[in-house]
Structure formats: structure tokens, C-alpha cells
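Protein sequences appear in the order of chains U and R. For what it's worth, the UniProt record's numbering labels the leading residue of the first sequence as 1, then goes sequentially. For what it's worth, the UniProt record's numbering labels the leading residue of the second sequence as 1, then goes sequentially.
There are 2 protein chains.
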Amino acid sequence: MTATDPAAGHPQAPADLVVTGCTALVHDPEGNVGFAADRAIVVRGGVIAALTSSAGAARLPAAERLDARGQLALPGLVNCHTHSPMVALRGIAEDLPVEEWFNDWIWPIESNLTERDVELGARLACAEMIRGGVTCFADHYFAMESVAAAVTDSGLRAHLGAAYFSSQGPEGRARSLEFALDHRGAADGRITTCLAPHAPYTVTDADLAATAQLALEHGLSVHLHAAENRDQTEASVARTGRTPIETLQRAGLLDEGVELLIAHATGLAERDLDVLGAARGRVAVASAPRGYLKFAWDTTPVRALAGLGIPVGLATDGAASNNTLDVWESMTLTALVQKQSTGDPAWLTARQALHHATLQSARAVGLGDTVGSLAPGHRADLILVDLSGPHTRPVHDLAATLVHSARSADVTTTIVDGRVLMRDRELRTLDVDRIAAQLEERLPELTRRAPGRRIQDYRH
Amino acid sequence: MTATDPAAGHPQAPADLVVTGCTALVHDPEGNVGFAADRAIVVRGGVIAALTSSAGAARLPAAERLDARGQLALPGLVNCHTHSPMVALRGIAEDLPVEEWFNDWIWPIESNLTERDVELGARLACAEMIRGGVTCFADHYFAMESVAAAVTDSGLRAHLGAAYFSSQGPEGRARSLEFALDHRGAADGRITTCLAPHAPYTVTDADLAATAQLALEHGLSVHLHAAENRDQTEASVARTGRTPIETLQRAGLLDEGVELLIAHATGLAERDLDVLGAARGRVAVASAPRGYLKFAWDTTPVRALAGLGIPVGLATDGAASNNTLDVWESMTLTALVQKQSTGDPAWLTARQALHHATLQSARAVGLGDTVGSLAPGHRADLILVDLSGPHTRPVHDLAATLVHSARSADVTTTIVDGRVLMRDRELRTLDVDRIAAQLEERLPELTRRAPGRRIQDYRH
Numbered sequence: 001m002t003a004t005d006p007a008a009g010h011p012q013a014p015a016d017l018v019v020t021g022c023t024a025l026v027h028d029p030e031g032n033v034g035f036a037a038d039r040a041i042v043v044r045g046g047v048i049a050a051l052t053s054s055a056g057a058a059r060l061p062a063a064e065r066l067d068a069r070g071q072l073a074l075p076g077l078v079n080c081h082t083h084s085p086m087v088a089l090r091g092i093a094e095d096l097p098v099e100e101w102f103n104d105w106i107w108p109i110e111s112n113l114t115e116r117d118v119e120l121g122a123r124l125a126c127a128e129m130i131r132g133g134v135t136c137f138a139d140h141y142f143a144m145e146s147v148a149a150a151v152t153d154s155g156l157r158a159h160l161g162a163a164y165f166s167s168q169g170p171e172g173r174a175r176s177l178e179f180a181l182d183h184r185g186a187a188d189g190r191i192t193t194c195l196a197p198h199a200p201y202t203v204t205d206a207d208l209a210a211t212a213q214l215a216l217e218h219g220l221s222v223h224l225h226a227a228e229n230r231d232q233t234e235a236s237v238a239r240t241g242r243t244p245i246e247t248l249q250r251a252g253l254l255d256e257g258v259e260l261l262i263a264h265a266t267g268l269a270e271r272d273l274d275v276l277g278a279a280r281g282r283v284a285v286a287s288a289p290r291g292y293l294k295f296a297w298d299t300t301p302v303r304a305l306a307g308l309g310i311p312v313g314l315a316t317d318g319a320a321s322n323n324t325l326d327v328w329e330s331m332t333l334t335a336l337v338q339k340q341s342t343g344d345p346a347w348l349t350a351r352q353a354l355h356h357a358t359l360q361s362a363r364a365v366g367l368g369d370t371v372g373s374l375a376p377g378h379r380a381d382l383i384l385v386d387l388s389g390p391h392t393r394p395v396h397d398l399a400a401t402l403v404h405s406a407r408s409a410d411v412t413t414t415i416v417d418g419r420v421l422m423r424d425r426e427l428r429t430l431d432v433d434r435i436a437a438q439l440e441e442r443l444p445e446l447t448r449r450a451p452g453r454r455i456q457d458y459r460h
Numbered sequence: 001m002t003a004t005d006p007a008a009g010h011p012q013a014p015a016d017l018v019v020t021g022c023t024a025l026v027h028d029p030e031g032n033v034g035f036a037a038d039r040a041i042v043v044r045g046g047v048i049a050a051l052t053s054s055a056g057a058a059r060l061p062a063a064e065r066l067d068a069r070g071q072l073a074l075p076g077l078v079n080c081h082t083h084s085p086m087v088a089l090r091g092i093a094e095d096l097p098v099e100e101w102f103n104d105w106i107w108p109i110e111s112n113l114t115e116r117d118v119e120l121g122a123r124l125a126c127a128e129m130i131r132g133g134v135t136c137f138a139d140h141y142f143a144m145e146s147v148a149a150a151v152t153d154s155g156l157r158a159h160l161g162a163a164y165f166s167s168q169g170p171e172g173r174a175r176s177l178e179f180a181l182d183h184r185g186a187a188d189g190r191i192t193t194c195l196a197p198h199a200p201y202t203v204t205d206a207d208l209a210a211t212a213q214l215a216l217e218h219g220l221s222v223h224l225h226a227a228e229n230r231d232q233t234e235a236s237v238a239r240t241g242r243t244p245i246e247t248l249q250r251a252g253l254l255d256e257g258v259e260l261l262i263a264h265a266t267g268l269a270e271r272d273l274d275v276l277g278a279a280r281g282r283v284a285v286a287s288a289p290r291g292y293l294k295f296a297w298d299t300t301p302v303r304a305l306a307g308l309g310i311p312v313g314l315a316t317d318g319a320a321s322n323n324t325l326d327v328w329e330s331m332t333l334t335a336l337v338q339k340q341s342t343g344d345p346a347w348l349t350a351r352q353a354l355h356h357a358t359l360q361s362a363r364a365v366g367l368g369d370t371v372g373s374l375a376p377g378h379r380a381d382l383i384l385v386d387l388s389g390p391h392t393r394p395v396h397d398l399a400a401t402l403v404h405s406a407r408s409a410d411v412t413t414t415i416v417d418g419r420v421l422m423r424d425r426e427l428r429t430l431d432v433d434r435i436a437a438q439l440e441e442r443l444p445e446l447t448r449r450a451p452g453r454r455i456q457d458y459r460h
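If you want it as C-alpha cells, here you go:
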């Protein structure tokens, strides 16, 4: 923090924001999670200018000060894969296998979606995520311009991709590219973009290969679904001789220079691990364990991916399947389900879960140098968590308290780029009652299902 | 509600409490869960005197009125198996297999427990449960007189059993009986009691048989651990030729007239289902799915038990393994984990989960005619839930919203016997900061572990 660092600003000028008195989640040089007591976080120009002692920051002039005594400061959570506007459909299609869920409910209803529906859904989703301590989300949906508008107004950070199917013809892919080029760097740099083919079972090999080329040509990352479940992998092998991951490889999506975010990957075959291990590009996986339980799927093989050095970010998927956008719950469930699925209670410790929630999630969405850590020079995306409730006392181990006792409802304050989006659980940028009322007016028309009318068929 | 019904009181006299404007979770005559809009709940003498329309109750005189517009009223949650004072140890022994967890941490530490530690732990646990919408809990621990004192002061309802091992000699069983006889009906009837042998692997067959006899003789129910995991069942068969459930049968604990609450039962063998199906006594199971994931155990076979008509109540176990006493989370996890463990996304619907959380949990603790339903004549144990947050909107299906989107933190109000224990998330009977501070003072001494010193060995 010197006067020559433009992010830090002039050290004599007042800081934009100083948060004092908190215990901070910190990472050591190897990335291991630890905690530092009685810290102050100094923000200038949207960046963490310093993480110092509270005493050291006591007399620092600041435009805004937050007293965070008794609270934990963590890097804001990152939702690495969602379809934010689908909050409009939360709870509409329950207790169903995925085939019926897609073909009888979601894809018929999505044929009714208007841009306004998408925008209202995205606004409601942003409100939910801010309340849950999420500061950045990777969205994969239609009418992405409407999501971008919601992101801009909400103050959140987002990594956005306009979804496409090959059934839309070449226009789908072109629109995905156009969106990515038009919107990268939008919302004062809070929006990053990517190409977003839906999945190997809805996008042709030729379109996937073209996407890999466009990614290289334009320096864009790619976000898609693959190997969502074991049935898809088996169906792919039966149909083409290749697993979904091998299809991605063949399309060039694992090549050097391509950054690929794969959602789910619960249906990885043993041989896929070799393919992913040999990838020259940067590969990451987003895991949304709640929905896998609900659809009775296997879960993401996090341990095998860790062995390959592939980051696994936390995600919620859309609320039409997951019912919530609660990334904190995804963190907790990742810890619990990984123990159960590996048969090893010592695997995926609370500290490992926090590593997934911070550094690995930031890396998964291509923002490893920007967010995910309370390190000076990183963007000031952080949350404060109140541990004074009876359910989080006493504390024997802060990591265990956070992962296994605390809840998203314990987040009191959400800050993005140094701007306070929620304080004492009050939202500052979005009016939930107004948004929800506008959305609720649309529901009768939005949820009407016409026989045979759907945007796509699910046949894995 | 007439003047001849002593519980309802004189109809012209003011009601003690009227809750108006809520949507109420109701059960039809078959026990199926439904919802009734714009209800009023009239309470007299600690009992639900009427569930009527809000308009009908508008001019009813009442000592206290709660405006619950926009909120859901549910029967209070029942925690069917816990060790409440173990909140003192939450997070102290993490990411361990159960053998190390017991032998290296929990049982050494429990050798330091004083009655005051137990009471402070139980008070903190009561605070956590009231905040989480729990109105009744089944506790199984030592120094149960101290738990009874905490229950009395907190205003909660509880079903209490003083735990014993055969390693304590005949005195353990005698104390369990003495507690049960001395305290039944205490706290103005809110305390019911039972006999509480620890488990078939820590209590001899002779002591189990003696317990069954005492239960019949004194009209007491029995609450114990059995078939906690698959290893225990296999070890029991290898050692004795009998499964833990067959051991209970042989001891007479499944005989006519005995009411038995079995905690966990994740290690049921196929042949146990026949044994349980043939039980002449009333058998129920308490399931705490979070801890099973954490220890990498199988889960309770709820579907098989449902086929036998055995109620499965929701539970949290102690917070030293489960980290929370959040029964709402147990409800959610029961729905999710049952789908995954049966491979059937259509099994254990949201309505079924609510059935477990209400009628089945009440039956499991022997209070099926008293609590678990907002039916006139039942005790007025109920909670109000706020669904105005962004994470619970819009609502397409109230059951799904409650089970999969709402959280314990959405409970605003907790009422037991018509007495408001929490209103707008403020506790009325317990001071969390004072209790936690007193408990925290005790921790250095409480958590000291002396080599070889423990209250019991874990060898399944």
C-alpha cells in the first residue's frame, strides 16, 4: 500500500471503508485456511488496500467505518454455477426424476419466458444471494442481457454466459458470442463473460468445436454442463463410444489456452480422470450437491479431482431443482456428502470445505487473482458473519463452527468492490417485496404448459 | 370449545392467546399434511381451544394477540433424540471415525462433567432449540436432574431419560428409574420421562431385560441407541449370533406394553425388519441424518420402517457429532438423503417430510395425542415461520417451500403450552450471552483429557 499503487490510492487520503475488530479468514502462502484475530480491513478504490490490526486502523480516516467486533470476515461466497432467473420456478416441479422434471415442467415452462421474467427472476435471485453472503455468481441462462441489468443494479459481481442449444441453429452460438463480447467488463468491471453451450447432449460436436475455436480467438472462457449424471455418461458411450468428457476433449475444449468450467461432473467415468489429468487448458468443476441428492444421483468425485489439481467450486444450480441459491448450504453439504460418498469421515475437513468456498471457487470462475481471499490487492468482496447465536457457541474450532454450525442466515453484511450491499441483514440495492410482487403477477402466464410445447427435449 | 371442556375454559372468558392471520399446517383425518389459509389459533389453558377463521376470531377477547399475517403456523418441531448438554463440545472432535471420536475425545471429556456443566449446556441447547422452532426434545444423558431444571426454566417440553451403562453397576439402572419416577409430570406436566439404557453394546442383556420389566411395572417407556451403524450389527452378530434388534427382542423390549424409542437404526439387517414387524409393543425410531453423513454411515431405512408402520421421528443427536440441534435441517436432510439412499427421487416427498416432522415425531416420543398437530384439544405447541424472504419466494407449493427453501432461521415465534418463548426471534426465557459466558469459563477444565481416563470404551 504505497502512493504508487493506484488501487490503494493516496495513503493520506481517507480510506473508502474500514472494517474493524473482526476475526479474518486468511490463507497462508500455500493457500491453507487460517484465522487472524482482531483484524481491520482497509478498502480503497474497491480493493483491499490492507489487512492490518484493529489497533493499527483505529485512527485511519475513512469515509465509512463498520464495527465488526465479534464477527468473522470471510471472502464473499462464489456461486460457480446457477441459472439465477429460475428462482421464479422454485418448488414448481418436485419429487421427480430428471427426465420428467425437464420434459414435463421446466422446458415447457421456459418456452413462455420473456426478458422481463428473466430480469425479475434475476433480481430476486440477486437479493437471495446477497442475503446469503454470495458476492459473485456464474450464471448460465437465456436473455442474459436481462441478467446483466440485474447484476448492474444489484451491485453483485457475476460471470455470465448466454446459454445455447444446437437446436437453435447457428444463431444460438452467435448470440452467445455477441453477449460475451458486448458485456465483458460491464458494470464497472464486475461482469466477466464466457461462452455457454448447454451440454454435450444438446450441442453437437461441431458446435462444441466451433465454441472452442471462438474461445481461443476471443480470449473467452467456456461454461457448460457435462457428465451431469451417470446415465448421461452411459448413454453417451452407447451412442458415440465416447464419454461426455471425451467429447469435450475431441472438440478441443481441453486444449491449451481454453478455460473450461464444467457443471456437475457427477457421472465421471474412471477413464475421464486420465483425460482431465492430461488437459492442457485450465479446467474447473462446479459442484451443487443438494440437487444430486434430490435427483438421487451420485455426487461430484471431489477427491479424485483434487488428486488431479482441478479446482472444485461450490454451486447451487438453479432454484427450480435446488430450491435455494444458498452457497453456504452447498459448502456444508459438500463436507457431509463427500465423507459419506468416500466412506471416509476424515476426508473433506471443515478447512478443506472453506478452501473450496474461497480459493477454489474463485479459480473456478476465472477470478483467482481477483477475489476469494482477503489479500491486499484483491477486490474488496467480503462478508461478515455473526457467531453470537446459541447455535454457534461455544467455539472450539472456527472452521468447524463455520462449516457445520453456522448458516447463511448468520451473514450480517455483504460487500462487493468495497460497496456495502447488505448491512445488518438489510438489503441496500434491491426491494424484495416489489420484485417478488411483480414476479408473482407473471406466474399464471409463465407457468402455463401447452402440450408438446417445450424449448428442448431431454434425452441424455 | 364449550364451557364443559375444562381445557377450553369458559367461552365467555378472554382467551389466553389468539394468533391471527396465519396459514396453518393441518392434518386431514388420515394424517395427510395440508394447509389452511387465513386461520386463527385460539389458546386457553395451554391448549388449542379452536382453529378457526381469522374473521371468526377478530372480536374474540384475548389476553395476548399475535398478528401472524404472511406467516405459516406449524406444530412445533420435536427433537426425538439428543444429548442436549453436549452443545458444550460442538466442534471439539471433527472429521474422525466414531471409534476415535468416542474413545479419544467424548468419553475422556465426559469424565470431567459436573452437574453445573450439564445444566449450562442444557440451557444453551434449550436456547438454540427455541430459536430453531423446536418445542419438545427427547434427551438422553447424565445428570438429568440438571437438564430437567433447564427445561423447567426454559419453558420447553421434554421427554427425559437418565442414561446408564452396565459398567456403572446396578446403581446406574436404579438412578435411571429414580429419575424417571421422580420427574414424570414435572414442569407443570411438560416433562415426561423414560428409562434410558445406553445401548446393547454398553448394557448387558440382563440389564436390558431388567429394564423391560421395570418399564412394564412402572408404565415407563424406554429410549436407547441400537444398530447405530452397520459395523455394530456385524460385531453383535459375530459376538452373540444376534443383531442388536434381536438382542432387544430377547430382552423383552419389543413385548406388549413396552414403548420403545430406538435412536439411529442405520445398521438394521434385513432380518431385523421381520423382528420389528412382529413387535407387540409400540416401537419408534429417531433418525438424525446429518451425523450419519458425517461418520460415513448408512442412513436410517425410513422406507422399510414406513412399510412396517413404525413412526420415524426427526432428531439431531448431540451437537458434539451433529454440530447443531437444528431439527429443521434434519427434516430437509431426511428428504434429500432418503431420495439418494433409495435411488428414487419420488420417495419422501416434501409432504412426507412434514409428516415425519409433525405426527410421526410426536408419536415417537409418546406424545401423539398431545402435540404434533394444530388440532383442538392438543397442547398449544406451535411455531410461526416467515416466508417473506427472497429465498422463499415465490411459493408454488407450500410443502416444498418449507422443506427445501425455508430454514430454521425463518422461525420467528416459538410457543409451548400457549406461552410465547420466542417472539420476532427474541428469546423470552433464556439469556444466551450470560449462559454462554458461564459455560465458556468452564471449558478449559471440562475439555482436559487425562490419558486412559474415560467413562466407557467404544468397542461395538
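Beta carbons: idealized from backbone N, C-alpha and C, even for Gly.
Q: Check whether the Cβ of glutamate 440(U) lies closer than 8 Å to any Cβ atom in chain R.
A: yes
Q. Taking DSSP as the reference, what is the three-state secondary structure of threonine 4(R)?
A. With a pLDDT of 38 at threonine 4(R), under the threshold of 50, the modelled position of this residue cannot be trusted; read the value that follows with caution. Coil.
Q) Helix, strand or coil for glutamate 441(R) per DSSP? A) helix
Q. Name the residues in the segment 380-405 of chain U whose C-beta lies less than 9 Å from a C-beta of chain R; which are they?
A. Ser388, Gly389, Pro390, His391, Thr392, Arg393, Pro394, Val395, His396, Asp397, Leu398, Ala399, Ala400, Thr401, Val403, His404, Ser405
Q: Sort out for me which residues DSSP pairs valine 420(U) with in a bridge.
A: Ile415(U)
(Q) Quick check: does the Cβ of glutamine 340(R) come within less than 7 Å of any heavy atom belonging to the ligand ATP? (A) With respect to small molecules bound, the structure shown includes none, and the ligand ATP cannot be examined in it.
Q: Could you check the C-alpha separation between glutamine 71(U) and alanine 40(U) for me, to the nearest Å?
A: 12 Å
Q: Ignore the nearest five residues each way along the sequence and tell me which others in residue 461(U)'s own chain have a CB closer than 6 Å to its CB.
A: In the structure displayed, chain U extends from 1 to 460; residue 461(U) sits before or after that span and is not available.
Q.
Per the DSSP calculation, glutamate 64(U) is bridged to which residue(s)?
A. Leu17(U)
Q. Comparing the C-beta of valine 371(R) with each C-beta of chain U, is any distance below 8 Å?
A. no
(Q) I want to verify the contact list: residues of chain U whose CB lies under 9 Å from the CB of residue 463(R), in sequence order. (A) No answer is possible for residue 463(R): it lies beyond the span of chain R, which begins at 1 and ends at 460.
Q: Can you tell me which of Glu234(U), Ala73(U), Ala450(U), Ile262(U) puts its alpha carbon nearest to the alpha carbon of histidine 27(U)?
A: Ala73(U)
(Q) Just to confirm, is the Cβ distance from alanine 399(U) to valine 47(U) under 8 Å? (A) no
Q: Under 8 Å by Cβ, that's how I've got leucine 261(U) and histidine 223(U) pegged, so tell me the actual separation to the nearest angstrom.
A: 4 Å
Q.
So, with DSSP's three-state summary, where would you put glycine 34(R)?
A. strand
Q) What number of angstroms, rounded off, separates the C-alpha of arginine 449(R) from the C-alpha of leucine 220(R)? A) 36 Å
(Q) Against chain U, does valine 337(R) count as a neighbour if the rule is that its beta carbon must be under 8 Å from one of theirs? (A) yes
Q: Identify the contact partners of alanine 346(U) in chain R, using a Cβ-Cβ distance below 8 Å as the criterion.
A: Asp95, Leu96, Pro97
Q: Buried or exposed for alanine 8(U), please, with buried defined as at least 16 other CB atoms from any protein chain shown within 10 angstroms of its CB.
A: In this predicted model, alanine 8(U) has a pLDDT of only 43, less than 50, meaning its place in the structure is not dependable; the value taken from the coordinates is given anyway. Burial call: buried.
Q. DSSP on glycine 9(R), reduced to helix/strand/coil?
A. Confidence in glycine 9(R) is poor, its pLDDT being 46 and thus under 50, which makes the residue's placement unreliable; the coordinate value appears in the next sentence. Coil.
Q | Ranges of the alpha helix (DSSP H) found wholly within the segment 359-415 of chain U, counting only runs of at least 4 | A | 361-364
Q: Could you run through the segment 301-331 of chain R and flag, in chain order, every residue whose CB is less than 9 Å away from some CB of chain U?
A: Ala319, Asn322, Asn323, Thr324, Leu325, Asp326, Glu329
Q: Assign alanine 15(R) to one of two classes, buried (16 or more other C-beta atoms within 10 Å of its C-beta) or exposed (fewer than that).
A: buried
Q. Of all the residues that make up the segment 277-300 of chain R, which are near chain U by a beta-carbon distance shorter than 7 Å?
A. Arg290, Leu293, Lys294, Phe295, Ala296
Q.
So threonine 349(U) contacts chain R; which residues on that side make the cut at Cβ distance below 9 Å?
A. Glu94, Asp95
Q: Write down the C-beta distance between leucine 390(U) and arginine 131(R) rounded to the nearest angstrom, noting that I regard them as a contact closer than 8 Å.
A: It should be noted that the sequence gives proline, not leucine, for residue 390(U). About 6 Å; that satisfies the 8 Å criterion.
Q: Would you identify the three-state DSSP class for aspartate 298(R), choosing helix, strand or coil?
A: coil
Q) Taking 8 Å as the CB-CB cut-off, is glycine 343(R) touching chain U? A) yes
Q) Thinking C-beta only, is methionine 144(R) closer than 8 Å to leucine 124(R)? A) no
Q) Using the rule of at least 16 other Cβ atoms within 10 Å of the residue's Cβ for burial, across every protein chain shown, is histidine 356(R) buried or exposed? A) buried
Q: Counting only the same chain and skipping the five closest in sequence on each side, list residues whose C-beta sits under 7 Å from that of arginine 175(R).
A: Ala162, Tyr164
Q. Of all Cβ atoms in chain R, is any one closer than 8 Å to the Cβ of glutamine 168(U)?
A. no
Q.
For a contact defined as C-beta to C-beta under 7 Å, what are the partners of glutamate 128(R) on chain U?
A. Pro390, His391
Q) Using a beta-carbon distance below 8 Å, is alanine 409(U) in contact with chain R? A) yes
(Q) With a threshold of 8 Å between beta-carbons, can glycine 91(U) be considered close to chain R, or not? (A) yes
Q. Should the segment 414-421 of chain R be called in touch with the segment 376-388 of chain R, which here means at least 3 C-beta pairs below 8 Å?
A. yes
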